[in-house]
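Peer 1: A single structure is presented below for examination.
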Amino acid sequence: MRVVADTGLCQGHQLCQGEAPDVFGFDDDADVVTLLDPHPAEDRRTDVATAVKYCPAFALSIEED
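Sequential numbering from 32 applies to the sequence shown in this note's numbering.
Here's what the structure looks like:
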């Protein structure tokens, strides 16, 4: 799986970090999400999918490799 973050849509809520802090980071200067691990292990899918689902800006997605 590949995680995609659209920084143009990100509003800086940081909810994704709560769900998968090993995958999602935050750029304080730009006030947007960063990807710490754009290709997380399959066992992280549930947490990453939850982060994608609850992103209020719809800035996150999962693409299959």
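Each residue gets a CB set at the ideal place from its N, CA and C atoms; glycine is no exception. Note that this is a predicted model, so its numbers are computed, not measured.
If you draw a straight line from the alpha carbon of Gly56 to that of Gly43, how long is it in whole angstroms?
Peer 2: Computed Cα separation, rounded: 11 Å.
Peer 1: In three-state terms, what does DSSP make of Gly43?
Peer 2: Three-state result, Gly43: coil.
Peer 1: What are the boundary residues of the alpha helix (DSSP H) that includes Val54?
Peer 2: Element bounds for Val54: n/a, residue is neither H nor E.
Peer 1: Please list, in chain order, all residues of the same chain as Arg33 whose beta carbon is under 8 Å from its beta carbon, the five residues on each side excluded.
Peer 2: Only Pro69, His70, Ile93, Glu94, Glu95 and Asp96 meet the Cβ criterion.
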